[in-house]
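Reading the sequence shown from the start, the letters are residues 2 to 56 in the numbering used here. Step one of this worksheet: look at the structure below.
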Amino acid sequence: MTIREAARRVGRDVKAVHGNVRALLNAGILYRTAEGHIVFPYDAVHVDFTLTKAA
Numbered sequence: 002m003t004i005r006e007a008a009r010r011v012g013r014d015v016k017a018v019h020g021n022v023r024a025l026l027n028a029g030i031l032y033r034t035a036e037g038h039i040v041f042p043y044d045a046v047h048v049d050f051t052l053t054k055a056a
């Protein structure tokens, strides 16, 4: 699906979703095919992390 369609489905701004997709591509969670499609090759991802306030 397109980033625009993904944004519509989750009720978020296209620009914000585009930034999220770019971050996930850079982290290796998503990948782009030769045709330019974005692929999420997992059934699910579990993330465990701690957020702390900035100094």
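Each residue gets a CB set at the ideal place from its N, CA and C atoms; glycine is no exception. Just so we're clear, the structure is a prediction, and the values are computed from it rather than from any experiment.
7 Å Cβ cutoff met for residue i and residue j
i, j, result
"V18", "A8", "yes"
"I39", "L52", "no"
According to DSSP, residues forming a beta bridge with residue i
i, result
"V40", "Y32"
Beta-carbon contacts of residue i that lie in its chain and below 8 Å, excluding the five residues immediately before and after
i, result
"L26", "Y32, R33, I39"
"V11", "V18"
"H47", "none"
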